[in-house]
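In the working numbering, the protein residues as written are 1 to 57. By construction, the Cβ of each residue, glycine as well, lies at the ideal position given by its N, Cα and C atoms. Treat the numbers as computed from the prediction; the structure is a model and nothing was measured. Accompanying notes for the structure given below.
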Amino acid sequence: ECLQKGEPLDQNVYEGAFWSAVTPLSAKSIDSGGNPQNFPDFTRGKWKETEPLGIVL
């Protein structure tokens, strides 16, 4: 909807990558007996400096 209206998206590309990694990492954890998995930092630490996105109503 945001793209159709020319409005900013409600998440950035790094958040998209983050959410896309949840399922495969969960499956990997299950396959390894529930062991925790390292979650990649797709932003290389820049998430600490990223301004929050505004809420579009």
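Can you tell me the Cα-Cα spacing of LEU53 and GLU1, whole angstroms? Straight-line Cα distance between these residues: approximately 16 angstroms.
Review point. Whose C-alpha, out of SER20, PRO8 and LEU9, is nearest the C-alpha of PHE42?
Key: SER20
Keeping to the same chain, check which residues put their C-beta closer than 6 angstroms to that of ALA17; ignore five residues upstream and five downstream.
PHE42
| How about SER29 and PRO40: are their beta carbons less than 8 angstroms apart? | Going by C-beta atoms, SER29 is not nearer than 8 angstroms to PRO40.
CA nearest to the CA of LYS48, picked from GLN4, TYR14, GLY6 and LYS5:
TYR14
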